[in-house]
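Structure first, commentary second.
Numbering (the numbering used here), first residue to last: 647 to 1164.
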């Protein structure tokens, strides 16, 4: 029988087709049944049209069904892949814009900080519904592969409270691995250890990365048996591009001794030091790309990508379909995991799993990102032991924010939500407790439609906001667009460079794996 792979949130612009193409690069999966589901019938229909065209153009027997009925899509599924953004761009904008009025300047807002915590509240509520459906109608033991952020919180909720074995997947490690590979290549050529015309693949540089998603540390880097880890601070600081675009990562590397997987913009909002003073943010970021720290940068490019896709869709259908096969397979983990489980071919990657003694100085039960091996026998994760003490200390604060946020989302507990926000490193660095309390109320009221677990709390939150307004006791808000916010391009503006707009639309939902990564 062919595999049935259900994709939830399949209306995503690039990710759905990217993962489908990766799976169809495996010969044994040529007849896979893909079941797409999304709450947006319009988005779902457009992506399904493109996917069916791609399959037909490549002469494959695979099929695509598309339905807004999630349970129908999940029925008898062998694997379920999740790539949802609960609240869509509307909810995303609230994650960025409301905290900004309280002085919280975020670049991405999807993993930690005020935006990431609220994104998690919306998403975990939905994921627990997905888990219920998987338990009830998917094949017994169906594996849930989650790509949705906040990765650690979502994966934690599904495993502990959803009753479904869930693996979280991200390509941050691969992206940073490529950066490190380039540095090792340059060093080896300067040392006369590598020919000038030689090129290293990341497979040539052995790494062990361990930590929490988006805060995973390269605790070991080796090339041809040489330990390169201690050279990374110097190599990154001397690199002409990275010295400009990765200032936060390089500063953390200098002070803690290990390189973090995630981009400058991401990392800057997980820590209390780099975005708390508006007049200092500019010295830590670079505006050549949104991922380097632009205020609301990911919201901007996601908005532009969606607007362009909806406008330009007829041209996407006219474009030459991609040729599917191993030569065109991305580095996203999902297809390789399914291939390893089904065929027995071994795959090594870095995955988000429940900590069960793997990292000994982080709590068991939290979700960590570590190396693992997959084959027909299943997923086998490596034992890391203790992280370097400074790295573990940084992650310990994140873990407790995540735990508070997970428990809050599952129980609809306002007190825990407030405490999660208060304990968040950047939010706590910028806001006092009363500001945090008001921020939470404002975000609950604004996002109520996606927060069913807080239905009983929303009227009281609205009443508190109104009472403060009437009494003149509201905390003072900032009238600001942020330290480094760029204008969202209109479709008319994007028309001037249609190829660039199309490329952004493909990549904006993180469905495009690149060597520089995110």
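Each residue gets a CB set at the ideal place from its N, CA and C atoms; glycine is no exception.
Computed from a prediction, not measured in an experiment: that's the story for all the values here.
Spatial neighbours of residue i in its chain, beta-carbon cut-off 6 angstroms, leaving aside the 5 residues before and after
i: residue 892; result: 910
i: residue 1161; result: Any reading at residue 1161 needs caution, since the residue's pLDDT is 30, under 50, leaving its predicted position unreliable; the model's value is listed next. Only 824 meet the Cβ criterion.
i: residue 1156; result: Below a pLDDT of 50, predicted positions are generally treated as unreliable, and residue 1156, at 45, falls in that range; no measurement from the model is reported.
i: residue 1075; result: 918 and 922
i: residue 1147; result: 954 and 1140
i: residue 880; result: none
i: residue 869; result: 830 and 851
i: residue 792; result: 728, 800, 801, 812 and 814
i: residue 1110; result: 1087
i: residue 672; result: 985
i: residue 1085; result: 748
Endpoints, the alpha helix (DSSP H) within which residue i is located
i: residue 799; result: 797–806
i: residue 1079; result: 1079–1092
i: residue 734; result: 734–747
i: residue 926; result: 924–927
i: residue 902; result: 893–902
For residue i, the nearest candidate out of the options (CA to CA)
i: residue 730; options: 700, 671, 765 and 1063; result: 765
i: residue 1139; options: 954, 1022 and 980; result: 954
i: residue 1050; options: 1058, 1009 and 1065; result: 1065
i: residue 701; options: 670, 713 and 876; result: 670
i: residue 689; options: 964, 956, 1072 and 1135; result: 956
i: residue 938; options: 902, 980, 969 and 887; result: 887
i: residue 1095; options: 929, 686, 1114 and 767; result: 767
i: residue 1097; options: 1054, 798 and 1110; result: 1054
i: residue 853; options: 772, 1016, 792 and 975; result: 1016
i: residue 1067; options: 1058, 1079 and 1056; result: 1079
i: residue 1045; options: 1061, 1037 and 1009; result: 1009
i: residue 707; options: 660, 691 and 676; result: 676
i: residue 935; options: 874, 1131 and 1118; result: 1131
i: residue 781; options: 807, 1125 and 1041; result: 807
i: residue 709; options: 718, 694 and 770; result: 694
i: residue 770; options: 903, 848, 653 and 795; result: 795
i: residue 875; options: 904, 856 and 890; result: 904
i: residue 674; options: 750, 988 and 1113; result: 988
Own chain, CB closer than 8 angstroms to residue i, minus 5 neighbours either side, in chain order
i: residue 755; result: 738, 741, 742, 745, 761, 762, 765, 915, 942, 944 and 945
i: residue 1018; result: 994, 995, 996, 997, 999, 1025, 1026, 1027 and 1028
i: residue 991; result: 985 and 1021
i: residue 735; result: 945, 948, 949 and 952
i: residue 696; result: 663, 962 and 963
i: residue 1164; result: In this prediction, residue 1164 scores a pLDDT of 28, lower than 50, which makes its location untrustworthy; no coordinate-derived value is stated.
i: residue 980; result: 665, 668, 669, 727, 791, 793 and 815
Enclosing beta strand (DSSP E) for residue i [first to last residue]
i: residue 1046; result: Element bounds for residue 1046: not the beta strand (DSSP E) but the alpha helix (DSSP H), 1035–1057.
i: residue 864; result: 861–869
i: residue 996; result: 993–1000
i: residue 1025; result: 1024–1027
i: residue 653; result: 650–654
i: residue 757; result: Where residue 757 is concerned, there is no enclosing beta strand (DSSP E), given that its DSSP letter is neither H nor E.
i: residue 712; result: 709–713
Own chain partners of residue i with C-beta closer than 7 angstroms, once the 5 adjacent residues on each side are dropped
i: residue 647; result: none
i: residue 1134; result: 946, 949 and 950
i: residue 650; result: 679, 681, 722, 723 and 724
i: residue 666; result: 680 and 697
i: residue 1090; result: 1097, 1100, 1103, 1104 and 1107
i: residue 930; result: 893, 894, 914, 920 and 939
i: residue 804; result: 773, 777, 790, 792, 810 and 812
i: residue 691; result: 712
i: residue 1093; result: 733, 737, 740, 764 and 768
i: residue 841; result: none
i: residue 901; result: none
Enumerate, from N- to C-terminal direction, the unbroken alpha helix (DSSP H) stretches of 4 or more residues contained entirely within the segment 768–856.
797–806 and 818–836
Check whether the segment 832–843 and the segment 1032–1039 are in contact - that is, three or more C-beta pairs closer than 8 angstroms.
no
With three or more C-beta pairs closer than 8 angstroms as the rule, is the segment 901–908 touching the segment 859–866?
yes
Which runs of the alpha helix (DSSP H) at least 4 residues long sit entirely within the segment 953–993? Give them in chain order.
For the segment 953–993, the continuous alpha helix (DSSP H) assignments of 4+ residues that do not extend past its boundaries occur at 979–989, in sequence order.
Quick check: the segment 769–788 against the segment 965–979, are there 3 or more CB pairs under 8 angstroms?
no
At 4 residues or longer, and completely inside the segment 1114–1156: list those alpha helix (DSSP H) runs for me, N to C.
1137–1140 and 1144–1153
Restricting to runs no shorter than 3 residues, where is the beta strand (DSSP E) found entirely within the segment 655–683?
679–683
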